[in-house]
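Engineer: Below is one structure. I have some questions about it.
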Amino acid sequence: MADAAGSTGRLRALAVALAVGILGLVVAFVLGAAVVLPLSLAGIEVGATTLIVISLVTGQGIAFGGVALGYLRYRGLGRGYIGAHVPSILDGVTAVIGYGLALVAVFLGAILITLTQVEPAENQVGTIAVENPEVLLLLIPASFLLIGPGEELLFRGVVQGRLREGFGPVLGVLLASVIFAAIHFTALTGGVGGRLATIGILFFPSLVFGSAYELTDNIAVPAFIHGAYNATLFTGLYVVLQSGGTPPGLL
């Protein structure tokens, strides 16, 4: 009976985690469409920069944050559940080390995927940036203000937190990392093989985000690591594009 109850609890935790993650994406899409469609119908051209701003605010800002906070409210949980508190010195040290490890992880992941001889897919943001490099200057601060906090609040604070309840910390980190990497599938361009390859690359830094969260129990730590990691990739891409080089397939 105990084994059956345990299995049911784990399946429930996985189902809830997946549902919350998917709900965040759906709400982000609906809110984004609710802003873009009226503008288009009114004859207002929505350029690449405007589209990304709308996507960031409605997605990482309102949708992800709203779904996460709604989940906490539904379960009667406070901010202690996600570990929202002022970082300590140790948290700061962990954040700096985690930032370095995340960059190492993404490059190691890229090397491993290269050995499979599968061409990774490109992120739609990277594709837009090739034509509009100035978008990257917006994405660099947005990484710290919206992308890192919004995505970590939902996928680490809620998704990983729920998985931890059913599977424990180690499997919780692994499963949350898989889910987080997999949700990027729709944001990628190209064939299925290339998209899966890129998801494989993203899994590695995601492990760093999740591990840092478990070690510190402070959502601010993975939010900073994620933000700094993204900002570094965006900065690197901007420098490459401005120098006339070929952008790497990490975005």
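Anchor point for the sequence shown: position 48 equals 37 in the working numbering, and the numbering is continuous, going up by one each time. Where a beta carbon is used, it is the ideal one built from N, C-alpha and C, also for glycine. Every value quoted in this text rests on a predicted model; they were computed, and no experiment measured them.
1) Going along the chain, which residues of its own chain have a beta-carbon closer than 7 angstroms to the beta-carbon of Leu58, five neighbours each way excluded?
2) Pair every Cβ in the segment 12 to 22 with every Cβ in the segment 38 to 51, then say whether three or more of these pairs are closer than 8 angstroms.
3) In its own chain, which residues sit with a C-beta less than 8 angstroms from the C-beta of Ala176, not counting the 5 before and 5 after it?
4) Return the CA-CA distance between Met(-10) and His215, expressed in angstroms with no decimal places.
5) Which residue's Cα is closest to the Cα of Ala94: Phe213, Val197, Gly81, Thr224?
6) Grab me the residues of Leu230's own chain with a C-beta within less than 8 angstroms of its C-beta, minus the 5 sequence neighbours each way, in chain order.
7) Under three-state DSSP, which class holds Thr39?
8) In terms of residues, what are the limits of the alpha helix (DSSP H) holding Gly87?
9) On a CA-only basis, which of Leu191, Arg62, Gly182 is nearest Gln106? Give me that one, please.
10) Taking the alpha-carbon positions, what's the Val9 to Thr103 distance?
11) Can you tell me where the alpha helix (DSSP H) with Arg184 in it begins and where it stops?
12) Could you check what DSSP says for Asn219 in three-state terms: helix, strand or coil?
13) How long is the line joining the alpha carbons of Ser195 and Ala23, rounded to whole angstroms?
14) By Cβ distance below 7 angstroms, which residues in the same chain neighbour Ile188 in space, the five residues on each side in sequence not counted?
15) With a Cβ-Cβ cutoff of 8 angstroms, do Ala73 and Pro138 count as a contact?
16) If you draw a straight line from the C-alpha of Ala220 to the C-alpha of Ile86, how long is it?
17) Once the 5 residues before and after Leu152 are set aside, which same chain residues still bring their CB inside 6 angstroms of it?
18) When you compare each of Tyr218, Gly150, Tyr202, Gly81 to Leu191 by their alpha carbons, which one comes out closest?
19) Apply the 10 Å Cβ neighbour rule to Gly69 and answer buried if 16 or more other Cβ atoms are within range, or exposed otherwise.
20) Under DSSP, the alpha helix (DSSP H) around Phe169 begins and ends at which residues?
21) Restricting to Cα atoms, I'd like to know which of Gly146, Ile41, Leu30 is closest to Gly67.
22) In angstroms, rounded to a whole number, what distance separates the CA positions of Asn207 and Leu128?
23) Which same chain residues, not among the five before or five after Tyr88, have their C-beta less than 7 angstroms away from its C-beta?
Structural biologist: Well, looking at it:
1) Counted from its first residue, the sequence shown places residue 58 at position 69. Closer than 7 angstroms at the Cβ level, and outside the excluded window around Leu58, lies no residue.
2) yes
3) Along the sequence shown, one-based indexing puts residue 176 at 187. Taken in chain order, the residues that qualify are Asn112, Gln113, Val114.
4) The residue you call residue -10 lines up with position 1 of the sequence shown. The residue you call residue 215 lines up with position 226 of the sequence shown. Here the model assigns Met(-10) a pLDDT of 47, short of 50, so the residue's position is not dependable, and the following value carries that caveat. Straight-line Cα distance between these residues: approximately 41 angstroms.
5) Numbered from 1 along the sequence shown, position 105 holds the residue referred to as residue 94. Per the Cα distances, Val197.
6) Stepping through the sequence shown from its first residue, residue 230 is reached at position 241. Within the same chain, Leu230 has close Cβ partners Ala118, Val119, Pro122, Leu125, Pro236.
7) Translated into the one-based positions of the sequence shown, residue 39 becomes position 50. Three-state result, Thr39: helix.
8) As a first step, residue 87 must be located in the sequence shown, where it is residue number 98. From DSSP, the alpha helix (DSSP H) with Gly87 extends over 78 to 104.
9) In the sequence shown, counting from the first residue as 1, residue 106 sits at position 117. The shortest Cα separation from Gln106 among Leu191, Arg62, Gly182 belongs to Gly182.
10) Counting from one through the sequence shown, the residue named residue 9 turns up at place 20. Counting from one through the sequence shown, the residue named residue 103 turns up at place 114. Each residue's Cα considered, the two are about 32 angstroms apart.
11) Along the sequence shown, read from residue 1 onward, the residue named residue 184 stands at position 195. Arg184 -> alpha helix (DSSP H) spans 181 to 205.
12) Looking up residue 219 in the sequence shown gives position 230. Correct three-state label for Asn219: helix.
13) Looking up residue 195 in the sequence shown gives position 206. Looking up residue 23 in the sequence shown gives position 34. So the two alpha carbons sit approximately 30 angstroms from each other.
14) Residue 188 sits at position 199 when you count from the first residue of the sequence shown. Excluding sequence neighbours, Ile188 sits near Ala170, Ala171, His173, Phe174.
15) Within the sequence shown, residue 73 is the residue found at index 84, counting from 1. Within the sequence shown, residue 138 is the residue found at index 149, counting from 1. Not a contact, by the Cβ cut-off of 8 angstroms.
16) By one-based count along the sequence shown, residue 220 stands at place 231. By one-based count along the sequence shown, residue 86 stands at place 97. About 16 angstroms.
17) Taking the first residue of the sequence shown as 1, we reach residue 152 at position 163. Same-chain partners within the cutoff: Ala2, Ala6, Gly161, Leu164, Ala165.
18) Counted from its first residue, the sequence shown places residue 191 at position 202. Here the closest residue by C-alpha is Tyr218.
19) Counted from its first residue, the sequence shown places residue 69 at position 80. Exposed, by the Cβ-count rule.
20) Numbered from 1 along the sequence shown, position 180 holds the residue referred to as residue 169. 158 to 171 is the extent of the alpha helix (DSSP H) around Phe169.
21) Within the sequence shown, residue 67 is the residue found at index 78, counting from 1. With distances taken between Cα atoms, Gly67 lies closest to Gly146.
22) As a working mapping, residue 207 is identified with position 218 in the sequence shown. As a working mapping, residue 128 is identified with position 139 in the sequence shown. The straight-line gap from Cα to Cα measures roughly 24 angstroms.
23) To locate residue 88, count along the sequence shown from 1; it is residue 99. Contacts found: Ile214, Ala217, Tyr218.
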